[in-house]
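The sequence shown begins at 1 in the numbering used here and counts up by one.
Let me begin by presenting the structure, written as structure tokens, before commenting on it.
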Amino acid sequence: MLAALALAGCERLPLLAFLQPATDASESETMPPARDRLPCGATPAQTLSCPYRVMRSDDGRTVVLVAIPGGPQRILEFRNGALVSSDAPSVLETAREGDGLRVTVGGAEHYLIADEILRGG
């Protein structure tokens, strides 16, 4: 439900709150804790490890919430492994890279989303 609201409004959400461990049982059931990280960067030369969370829907959508430490936060929506929507104000590019999909925002900010994240494995 959060993904639908966030993507419909394309507004910046306090994603860092969602990237913290859940504080109560109901929250942890709907939003798993962000224990995992994925490669990312705010510039082409930068390689960081960014916390992320994943939400999935029954209709095949996967929403990835990811935050570059001290930098931008993104909501990336995928359908059947392809990027279909984002809250990014800039041009988005995608390219296959190894066992994942590299998403580049505005030619600089980048995220490498592993296939297993998109498939739910």
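Glycine included, every Cβ here is placed at the ideal spot set by N, Cα and C.
Check, Outcome
"Could you check the C-alpha separation between D87 and E97 for me, to the nearest Å?", "22 Å"
"Can you tell which of L101, P72, G71 has the C-alpha that lies nearest to the C-alpha of V84?", "L101"
"Grab the span of the alpha helix (DSSP H) containing I117 for me, first residue to last.", "115-119"
"Between L76 and L65, what straight-line distance do the alpha-carbon atoms span, to the nearest angstrom?", "7 Å"
"Considering only residues of the same chain and omitting the five flanking positions on each side of D115, which have a CB-CB separation below 6 Å?", "D99, G100"
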